[in-house]
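1 is the number of the first residue of the sequence shown in the UniProt record's numbering; add one for each residue after it.
Virtual Cβ for every residue (Gly too), placed ideally from N, Cα, C.
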Amino acid sequence: MASAGLSFGNPLFAAYAAYASLVILKMFFVTGATAYFRYSRGVFANPEDVKRRLKKGAVPRLDHPEVERVRRLHLNDLENIPAFLAVGLLYVLTGPSPGVALWHFRVFTAARCLHTVSYLAAVQPWRALGFIAGIVTTTSMAVQVLMAGTL
Numbered sequence: 001m002a003s004a005g006l007s008f009g010n011p012l013f014a015a016y017a018a019y020a021s022l023v024i025l026k027m028f029f030v031t032g033a034t035a036y037f038r039y040s041r042g043v044f045a046n047p048e049d050v051k052r053r054l055k056k057g058a059v060p061r062l063d064h065p066e067v068e069r070v071r072r073l074h075l076n077d078l079e080n081i082p083a084f085l086a087v088g089l090l091y092v093l094t095g096p097s098p099g100v101a102l103w104h105f106r107v108f109t110a111a112r113c114l115h116t117v118s119y120l121a122a123v124q125p126w127r128a129l130g131f132i133a134g135i136v137t138t139t140s141m142a143v144q145v146l147m148a149g150t151l
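Spelled out as structure tokens, the structure:
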């Protein structure tokens, strides 16, 4: 069992912090991609953004297939990554096997990267596999946290 606590002296917490940072940075990449696609295609979510970018007489366009794809990817990140961050932190506090914990963190991070690349490239079944692997990993940690807790 690893030393308990939320400090970088705890190797499990240090690993969690590193993998959590990777998925947060990946999510920020998707945020940037969303902004890039919106501005490069002239597609905006807010009327005030449209007013600043349109030439006189142009009609605003509020939807675009590429923008919607990257926006849905961003929403998917916002649904999955915060759950991993919360559950992963609680999981570290249960004192899990270091090898098993590292594999949970690695699989989730790789799964979200696979999901992102597959979503942007519109490739199945890889997108679904990335999504499912991430959900299974987070669920596995959540079940272990639940078993360690008291109801």
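Cut-off 6 Å between Cβ atoms - residues of its own chain near Ala83, not counting five sequence neighbours on either side: Thr138
I'd like to confirm the pairing. Which residues does DSSP put opposite residue 161 in its beta bridges? Any property of residue 161 remains undetermined from this structure, which presents the chain solely from 1 to 151.
Could you give the DSSP three-state label for Ala122: helix, strand or coil? coil
According to the neighbour-count rule (16 or more other Cβ atoms, all chains shown, within 10 Å of its Cβ), is Asn46 buried or exposed? exposed
Should Val85 and Val23 be called a contact, given that it needs their Cβ atoms to be closer than 9 Å? Reading the sequence as shown, one finds Leu at residue 85 and not Val. Yes.
Residues in its own chain within less than 7 Å of Arg61 by CB, not counting five upstream and five downstream? Gly42 and Val43
Quick one, are the C-beta atoms of Ala142 and Ala111 less than 9 Å apart? no
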